[in-house]
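**Q** So the number in this note's numbering is just where the residue sits in the sequence shown, counting from 1, plus 1. For each residue, glycine too, the CB sits at the ideal point set by N, CA and C. Just so we're clear, the structure is a prediction, and the values are computed from it rather than from any experiment. The structure follows.
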Amino acid sequence: MAQTTSQAKLCPHCANSIALDALKCPYCKAPLNPEKAPEWAERSSDGASESRVRPSERRGIQPKLVAAAAAIVLVALVAVFALSYWPRGKPGATTASAELREREQKINTLEAELAKLRENNQGSATELQELKSKLSETQKDLAAAEKKLANANREIERLQSSRTVSNPRRLSRSADPAPRSGPAPRSDPAPPVTRSAEPGLYETLRSTRVFEEPVGSSRVLTEIARGTQVTVVRSTGEWLEVRSKHGNPPGFIRADDARFVARAN
Numbered sequence: 002m003a004q005t006t007s008q009a010k011l012c013p014h015c016a017n018s019i020a021l022d023a024l025k026c027p028y029c030k031a032p033l034n035p036e037k038a039p040e041w042a043e044r045s046s047d048g049a050s051e052s053r054v055r056p057s058e059r060r061g062i063q064p065k066l067v068a069a070a071a072a073i074v075l076v077a078l079v080a081v082f083a084l085s086y087w088p089r090g091k092p093g094a095t096t097a098s099a100e101l102r103e104r105e106q107k108i109n110t111l112e113a114e115l116a117k118l119r120e121n122n123q124g125s126a127t128e129l130q131e132l133k134s135k136l137s138e139t140q141k142d143l144a145a146a147e148k149k150l151a152n153a154n155r156e157i158e159r160l161q162s163s164r165t166v167s168n169p170r171r172l173s174r175s176a177d178p179a180p181r182s183g184p185a186p187r188s189d190p191a192p193p194v195t196r197s198a199e200p201g202l203y204e205t206l207r208s209t210r211v212f213e214e215p216v217g218s219s220r221v222l223t224e225i226a227r228g229t230q231v232t233v234v235r236s237t238g239e240w241l242e243v244r245s246k247h248g249n250p251p252g253f254i255r256a257d258d259a260r261f262v263a264r265a266n
């Protein structure tokens, strides 16, 4: 029994255990060829060969397998990434999200305030420029008004001086010519008013301005004090042309501001 078991083999036809050197199966009576490969083995090899995939089919299946494997790997990576960064309902993640939203709201609020400030600054700059323009125009108008006022004041002074000089003359004409007892009180002679002033030496009656031209709006050369003697070379209407003894340029004074003293030598 042990020998049979150690030297037994399987029948290729019925698969029963037979002797190793048997030429005929005692069960199925089929002849055995020692050199021939067992039929069941051949059938097994044929089945294996038939079960093998053809090369053309293998080439079509391989890309599909690669694509499926790549898809599986991609899905796995996405799942890992999502699990790594998903808040998972933790309090820390919720707090961070709330802080992020709060900061975004603060940033939006600051941007709105900044835009409003820029608009206000632009409006203030425009208003400041307009105020500067108005101030410049006002200063020009003020300068022109001051000039007109100065001319008017000079004209008023001239008229007042003329009235002051002419009033004593009128009073002397209307006075009673009756003789007075005793010597008449001595008074300062009134400055004569000449219609056509003649050249000669004149004395100023008050502080007088010397003008460059015989016009009240011309440039003032100098101002001479009361009682100053000046040399008049000719007269032009209400103006007297004077020459300086000290080499100063000639000028004009008003005829009412001086009185004749003596003729020129």
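1) Considering only residues of the same chain and omitting the five flanking positions on each side of Arg159, which have a CB-CB separation below 7 Å?
2) What is the residue span of the beta strand (DSSP E) that Arg260 lies within?
3) My understanding is that Leu21 touches Ala9, with C-beta atoms under 8 Å, so please give their C-beta distance in whole angstroms.
4) With 16 other CB atoms within 10 Å as the buried threshold, where does Val262 fall?
5) In angstroms, rounded to a whole number, what distance separates the CA positions of Lys135 and Leu241?
6) Report the three-state DSSP secondary structure of Ser219 (helix, strand or coil).
7) For Gly201, report the span of its beta strand (DSSP E) as first-last.
8) Compute the beta-carbon to beta-carbon distance between Pro200 and Arg235, rounded to the nearest angstrom, for a pair I have assumed lies under 8 Å.
9) Using the C-alpha atoms, what's the distance from Lys107 back to Ala144?
10) The beta strand (DSSP E) that contains Ala268, what's its start and end?
11) Thr229 to Phe212, Cα distance in whole Å?
12) Which residues bound the beta strand (DSSP E) around Gln8?
13) On a Cα-Cα basis, can you pick out the residue from Glu239, Thr237, Leu202 and Pro251 that is closest to Glu224?
14) Helix, strand or coil: which one does DSSP assign to Glu103?
**A** Taking the definition as stated:
1) Arg255 and Asp257
2) Ala259 to Arg264
3) 6 Å
4) exposed
5) 44 Å
6) coil
7) Gly201 to Thr205
8) 6 Å
9) 55 Å
10) Residue 268 is absent from the model: the chain starts at 2 and stops at 266.
11) 16 Å
12) Segment: none, Gln8 is in no beta strand (DSSP E) and carries neither H nor E.
13) Pro251
14) helix
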